[in-house]
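If you use mature numbering (1 follows the signal peptide of the UniProt record, and there is no 0), the sequence shown corresponds to residues -20 to -1, 1 to 516, in order.
Every residue gets a Cβ at the ideal spot worked out from N, C-alpha and C, and that includes glycine.
Notes follow once the structure below has been shown.
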Amino acid sequence: MKTLLIAMLFALLCFANVFAAPAAINLSTEYQKIHGFGGMNHPVWIGDLTAAQRETVFGNGPNQLGFTVLRIWVSDNTSQWSREVETAKYAYDRGFLVFASPWNPPSSMTETFTRGSQTNAKRLRASSYGAYATHLNDFVTYMKNQGVNLYAISVQNEPDYAEEWTWWTSSEIITFLKNNARSINCKIIAPEEFQYTKSLITPILNDPQALANVDIIGTHLYGTPYNSFPYPLFKEKGAGKELWMTEVYRPNSSDDADLWPQALEVAQHVHSAMADAEFQMYVWWYIRRYYSPLKEDGNISKRGYMMAHFSKFVRPGAVRIDATKTPETDVYVSAYKSSGADSLIIVAVNKKTSAVSQVFNISNGTVSKVESWRTTGTQNMAKQTDIDVTSGSFTASLPAQSVTTFVGIIQKSSSSSSITPSSSSSSTPPSSSSTTPSSSSSTVPSSSSRPPSSSSAIPSSSSAATPSSSSEETPSSSSEESTPILLPQTHVVRALRATPPQYYNLKGEPLGTTKPSNPGVYIEKNGKQARKIVVK
């Protein structure tokens, strides 16, 4: 009887906490560089983001999403262009990437035709290709004149699913790329398929001239099964090109974004987009909608927190590294190094209905401890107890139906391991400083700067999601501000030990003890106190 009770107890314990196979994390094997995570703002169709909502979306403090990518609309009506400016400029001024997608050319450039049962299908006139390129270039110029340098512009949104906009065939896209794309003063995205069937992408990859004239292969992922995510032909022929996922919502637009555990589908989807498809960017459809990362009331949804487990930690310029993708059925792991190779980020998704005891083995680098943040049905980005890393290994409990992000500082050594690049995309996004969580008990990782803008987004220690005058990068009437600053963690440690005062740039890089003389915004660290100063 005693033996039976022990066996039953053991069985219950095993059921309550599954012991998964170890997840191997190799710091030396690198894959794609990451631009970031974001969504679409469409002021004409659903209204612009409010000032407070912009702060929630692009800020990286408490109760903020940490998005670093904004997609905007190229209207066929030039009188609507001004409505894109305010939020785009907000994002760009904080150093984040802005790109644009058109749905239709101006009506004067299109013609109707019969396509199957659709008798009023629309396409670009063959004689208007040059005029359409000028139209796109005019939008690029307009935004530049408003203070927003677009990173890229698309040829067409969903040319393969155009019941309500403009159809393009593969040959039409290739003709435009070969003859007209290079007249546009911006990086070019094509083809932005509705579904990642690759039927419009493969012909581009197989046409050397068209491929030479496109900078970014863009696609949407509606209805695309996970086993279709890998794309060997892009690895073979897409060297020097970027691979973006520019629109999706998941799993549907009919359910509320707070529905749990359904929202876990978003975390798995982002994981597979990064680890299997090897995209460099993940962009949601409407940023603010009842089924989106931001609810209509301005609060972050459960789907939003799923994206935030990536966007707040895997900052622009980070590199995905080798990790055991599925150490256990329904457990998904991806890993990244920050742009400065000073932080390790691991995102672990557990879709099982039971907890998992997960071992992580780190090789080719040294991490002494990890911090972690967790979202479950009852928690949102909750800070967890730090975990020590012993002999390159640590064990963490992944609660049933949860997402956990782990962040550890990679210790520098004089004899660092060599890097082994993979055969994946070699395209490099603009450089950016790394982002790791602050050393406080806050649930917030610190933010980072990123080109193309010279500005940088540094979150304050305030938990408010609404913007304040002291949190902006634009100098106020005073030449100095006393807003508390969160430096990247690797520089926080150095700052606490420095002889005050010590000065830093907005990336948190130390500049010495002499106050900078060049005009700009700097951080002045005095003991444990930090403030932003403006040198005019």
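Please go through the same chain and pick out, in chain order, the residues whose beta-carbon is closer than 6 Å to the beta-carbon of residue i, but skip the five residues on each side of it.
i	result
I326	A315 and F386
A(-1)	P307, E308, V311, V336 and Q338
S88	none
Y262	F17, M225, V250 and A253
V24	Q60 and R63
T177	none
Looking at the structure shown, is residue i part of a helix, part of a strand, or coil, going by DSSP?
i	result
Y483	strand
T22	For clarity, residue 22 is His in the given sequence; the question names Thr instead. If DSSP states are grouped into helix, strand and coil, H22 belongs with coil.
R295	coil
S337	strand
E216	helix
N207	helix
A380	coil
K363	strand
Q136	coil
G357	coil
K317	strand
A303	strand
K282	helix
What span of residues does the beta strand (DSSP E) with residue i cover, start to end?
i	result
H115	From DSSP, H115 is part of no beta strand (DSSP E) but of the alpha helix (DSSP H) over Y109 to N125.
P171	K167 to E173
K13	A3 to K13
Q189	Unbroken run through Q189 is the alpha helix (DSSP H), P188 to A192; no beta strand (DSSP E).
T94	T90 to R95
L491	P490 to G492
T99	Q98 to L104
P82	L77 to P82
I196	I196 to H200
W53	V49 to V54
V329	S323 to N330
Excluding the 5 residues flanking residue i on each side, which residues of the same chain have their C-beta closer than 7 Å to its C-beta?
i	result
R34	T67 and Y70
V37	L29, L45, F47, I267 and L274
residue 571	There is simply no residue 571 to check, as the chain begins at -20 and stops at 516 in what is shown.
R230	E245, V246 and H249
Buried or exposed: which applies to residue i, given that a residue is buried once 16 or more other Cβ atoms fall within 10 Å of its Cβ?
i	result
A475	Its pLDDT being 32, under 50, A475 is placed unreliably by the model, and the measurement read from it follows with that caveat. By the 10 Å Cβ count, A475 comes out buried.
N21	buried
E216	exposed
F374	buried
S418	Interpretation of S418 is limited by its pLDDT of 37, a score under 50 that renders its predicted location unreliable; the figure taken from the coordinates is listed afterwards. It is buried - the Cβ of S418 has at least 16 other Cβ atoms within 10 Å.
F174	buried
Q136	buried
E460	Bear in mind that the predicted position of E460 carries a pLDDT of just 36, short of 50, making it unreliable; the figure below should be weighed with that in mind. Counting Cβ neighbours within 10 Å, E460 comes out exposed, since fewer than 16 surround it.
Q189	exposed
N165	exposed
Q98	exposed
V(-3)	buried
K392	exposed
G218	buried
Q60	exposed
P82	buried
W265	buried
S348	exposed
Would you mind reading off the limits of the alpha helix (DSSP H) that contains residue i?
i	result
L244	L244 to A255
L157	S150 to N159
V37	A31 to F38
Y72	V65 to D73
T226	Premise fails: T226 lies in the beta strand (DSSP E), E222 to E227, not in any alpha helix (DSSP H).
M185	Correcting the residue type first, residue 185 is Leu in the shown sequence and not Met. Per DSSP, L185 belongs to the alpha helix (DSSP H) from T182 to L185.
Keeping to the same chain, check which residues put their C-beta closer than 8 Å to that of residue i; ignore five residues upstream and five downstream.
i	result
R105	M89, T90 and E91
V128	V65, A68, K69, Y72 and V78
Y256	The identity of residue 256 in the sequence shown is Asp, whereas the question assumes Tyr. Closer than 8 Å at the Cβ level, and outside the excluded window around D256, lie Y206, F209, P210 and K305.
V194	L157, A161, I168, I169, A170, I184 and K221
L239	K282
For chain B, is any of its Cβ atoms less than 8 Å away from the one on residue i?
i	result
V228	Absence of chain B from the displayed structure is noted, only one protein chain being present.
I'd like to know if the segment 198 to 210 and the segment 145 to 162 are in contact, where contact means that at least 3 CB-CB pairs between them fall below 8 Å. Short answer: they don't touch.
Are at least three pairs of beta-carbons, each pair with one atom in the segment 7 to 16 and one in the segment 287 to 299, less than 8 Å apart? The segment 7 to 16 is in contact with the segment 287 to 299.
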